[in-house]
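Here the structure comes first, spelled out in structure tokens, and everything after it is commentary.
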Amino acid sequence: MSDPNSNPLNQPLNVEIAPYQGGDDLLSGFVVSGRWPSSTREWAQFLTLAVRLAAVPGLVPTTTVFRAVEDTPDGPMPGAVGLVTSAGPVLGNGAPAPGEFRRQTPPALLLLHPPSESRPSIPEASEAASGCVLLPGIPHLGLDHRASWVEAERDGTITRLVSKVGVDPAQDPDTAVLAMLLAA
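Take the sequence shown: its letter number 44 is residue 66 in our numbering, and every next letter is one higher.
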């Protein structure tokens, strides 16, 4: 009998993403299965899904910070490798404090903006949500920060997708906020 989780051809497993909601019907995060995204491109694909969900009315009520953690959810989630979970709103009650993630740097931090808190990049984009993923590097060791930005309309249309290696977090408001959560 073969193990359904085995990979006999040593082909890379797919990255599988499943969103989950908390008891308040808000987007609480994502279960990552198979394997973690391993490139800026794969994290941009992940962010695209997350931003499309942020465009759904009521799922993300305010700009929210999410962080990748290597914990796995309780319950039957075969192949789960970790979570991208809400760390709280970017401002106000429950917001993560500057430097909150400095002790254990997450592999990725995301910022999701609902349509009410996004400014569309093109005039014809309506009800657009947006987001940013920062993949922290260690620049003094030659490992650059990487980031992606996505904007999507309520119908799922992607109106902006940018990925960049060698990011200076101070040059963009979203990456600056995420970098502040990593720095002491």
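Glycine is no exception: its CB is placed at the ideal position from the N, C-alpha and C atoms.
From a predicted model like this one, the values you see are computed outputs, not experimental measurements.
{"query": "8 Å contact criterion, which Phe123 and Leu49 should meet: CB distance rounded", "result": "Incorrect: roughly 20 Å between the Cβ atoms, too far for contact."}
{"query": "Closest Cα partner of Ile144 within the set Ala119, Gly116, Glu175, Pro128", "result": "Glu175"}
{"query": "Contacting residues, own chain, Cβ-Cβ under 6 Å from Ser185 (five flanking each side not counted)", "result": "Thr62, Ala66, Ser170"}
{"query": "Limits of the alpha helix (DSSP H) - the one that Gln67 falls within", "result": "62 to 76"}
{"query": "Inter-residue Cα distance where the pair is Val91 and Gly121", "result": "16 Å"}
{"query": "Pair within 8 Å by beta-carbon distance, Val187 and Asp166", "result": "yes"}
{"query": "Under the three-state DSSP convention, the category Ala119 falls into", "result": "coil"}
{"query": "Val199 (DSSP reduced to helix, strand or coil)", "result": "helix"}
{"query": "Reference Ser78; option with closest CA among Val54, Gly178, Ala201", "result": "Residue identity check: residue 78 is Val in the sequence provided, not Ser. Comparing Cα-Cα distances from Val78 to each of Val54, Gly178, Ala201, the minimum goes to Gly178."}
{"query": "Beta-carbon spacing of Val75, Pro41 below 8 Å", "result": "Residue identity check: residue 75 is Leu in the sequence provided, not Val. Against a cut-off of 8 Å, the Cβ pair of Pro41 and Leu75 comes out as a contact."}
{"query": "C-beta atoms of Ala72 and Leu132 nearer than 8 Å", "result": "yes"}
{"query": "Cβ pair Val155, Leu105 closer than 8 Å", "result": "no"}
{"query": "Residue interval of the beta strand (DSSP E) (run including Trp58)", "result": "Taken as a continuous stretch (DSSP letters only), Trp58 belongs to no beta strand (DSSP E), as it is neither H nor E."}
{"query": "Runs of alpha helix (DSSP H) wholly within the stretch 85 to 141 (minimum 4 residues, chain order)", "result": "none"}
{"query": "Span separating the alpha-carbon of Glu173 from that of Ala201", "result": "20 Å"}
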